[in-house]
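>
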Amino acid sequence: MNDPNRPQEPWQRPPEGQQPYGGQQYPGAPQQPWQQGQPPKKRKVWPWVLLGCGGAALIVLLLMVGCGVALFSGDPEESPGQSGGGSAEESQNSVAVGEPGNVSQWQVTVNSVGSAATYDDGVSDQQPQGEFRVVDLTVENTGQESTTFDSTAVSLVDTEGNTHSASFSGDMFLEQINPGNQLNGTAAFDVPEGTEVESVQIEDTSSFEGPLVVRVE
Numbered sequence: 001m002n003d004p005n006r007p008q009e010p011w012q013r014p015p016e017g018q019q020p021y022g023g024q025q026y027p028g029a030p031q032q033p034w035q036q037g038q039p040p041k042k043r044k045v046w047p048w049v050l051l052g053c054g055g056a057a058l059i060v061l062l063l064m065v066g067c068g069v070a071l072f073s074g075d076p077e078e079s080p081g082q083s084g085g086g087s088a089e090e091s092q093n094s095v096a097v098g099e100p101g102n103v104s105q106w107q108v109t110v111n112s113v114g115s116a117a118t119y120d121d122g123v124s125d126q127q128p129q130g131e132f133r134v135v136d137l138t139v140e141n142t143g144q145e146s147t148t149f150d151s152t153a154v155s156l157v158d159t160e161g162n163t164h165s166a167s168f169s170g171d172m173f174l175e176q177i178n179p180g181n182q183l184n185g186t187a188a189f190d191v192p193e194g195t196e197v198e199s200v201q202i203e204d205t206s207s208f209e210g211p212l213v214v215r216v217e
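With the first letter of the sequence shown counted as 1, position 6 gets the number 6 in the UniProt record's numbering; the numbers rise by one all the way through.
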C-alpha cells in the first residue's frame, strides 16, 4: 500500500498551478486570483476624459450664443428704418422760416420770429415774466372741410431742448377756417430772458401725423 507520508516521485506530482486529484491544492503551487476570492478590478474612467467632454459642450454652447448674437444684432447704420443715409432732421417734415409746410389739412408758413417787451392780446398790453418771443404765421385750410385752428397747436423749442407753449394769441384763438381760406395772426411765448429759439412746431392734435418743424436760423 502507498504510504501517504512518503514523498511522491516527480512523475506522480500534478503540473504546477493545477490541483491534485482529489481537489486539494498542491503544496507550494501559486494560487490564481480567482482562487483567492478577489474580484477582478474595474477600470477607472479617467478624469480628463470627463473634462474633455465638458469642455466640448462648453465650446458648443459658446458657438450657439455667438451665432444668436450675430443673427439678431445688426449694424445700426444699415437698419431698415433708415434710407439713403439721410439724417433724422432731413427725414422730418421740416421747413425754414418763410417756407410753407403741410401738416394734416393745414398749410402753415411761419413768417417771422421776433421779440417784444409787451404783447397786445386785443384787450390790453400783457407784460411777460421774462420776455416775449412773438411768432407771426399764416395758416391756410387745404382740406375739403372746415377746420378750427388754435394757438395751442403752436409750440416753441429753444436751443436747450425746452418746449414752450403760447401764452397769448388774441387773433388766433379757436379761429374757424373754411376750405381754401387762410388766417394770419401771431402767438406770443413768455420765455426767460436770453432764450434762443431753435424751431417752431405746429401739430394737429386731432390727427396722428407728426408735427411740422419750422427751423429758425
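Every residue gets a Cβ at the ideal spot worked out from N, C-alpha and C, and that includes glycine.
Who are the Cβ neighbours of residue 77 in its own chain at under 7 Å, not counting the five residues just before and after it?
The predicted model places residue 77 with a pLDDT of 47, which falls under 50 and marks its position as unreliable; any figure quoted below should be read in that light. Closer than 7 Å at the Cβ level, and outside the excluded window around residue 77, lies no residue.
> On the premise that residue 200 lies in contact with residue 216, defined as a C-beta separation below 8 Å, what is that separation, rounded to the nearest angstrom?
7 Å
> Taking a contact to mean a Cβ-Cβ separation below 8 Å, would you say residue 157 touches residue 198 in this structure?
yes
> Count the other C-beta atoms from every protein chain shown that fall within 10 angstroms of the C-beta of residue 59, then say buried if there are 16 or more, exposed otherwise.
Around the Cβ of residue 59, a 10 Å sphere holds fewer than 16 other Cβ atoms; the residue is exposed.
> So residue 117 is in the beta strand (DSSP E); what residue range does that whole segment cover?
Segment: none, residue 117 is in no beta strand (DSSP E) and carries neither H nor E.
> Taking the CB atoms as reference points, tell me whether residue 135 and residue 108 lie closer together than 8 Å.
no
> Which one or two residues does DSSP pair with residue 100 in a beta bridge?
Residue 100 is bridged to 109.
> So if DSSP puts residue 187 in a beta bridge, which residue, or which two residues, is it bridged to?
135
> To which residues of the same chain is residue 170 closer than 6 Å at the C-beta, ignoring the five residues directly before and after it?
121, 122
> So residue 149 is in the beta strand (DSSP E); what residue range does that whole segment cover?
147-149
> Just to confirm my understanding: we take residue 119, look at its own chain, exclude 5 residues before and 5 after, and list those with CB closer than 6 Å. What are they?
126, 132, 168, 188
> For the beta strand (DSSP E) holding residue 203, just list the boundary residues, first then last.
Note, residue 203: premise wrong, no beta strand (DSSP E); not H, not E.
> Starting from residue 158, follow the beta strand (DSSP E) in both directions and report where the run begins and ends.
Counting along the chain, the beta strand (DSSP E) containing residue 158 begins and ends at 154-158.
> With a threshold of 8 Å, are at least 3 pairs of Cβ atoms found where one atom belongs to the stretch 174-183 and the other to the stretch 202-212?
no
> Would you call residue 137 buried or exposed, if buried means 16 or more other Cβ atoms sit within 10 Å of its Cβ?
buried
> Since residue 155 contacts residue 165 with CB under 8 Å, what's their CB separation in whole angstroms?
6 Å
> Please state whether the Cβ-Cβ distance between residue 93 and residue 142 is less than 8 Å.
Against a cut-off of 8 Å, the Cβ pair of residue 142 and residue 93 comes out as no contact.
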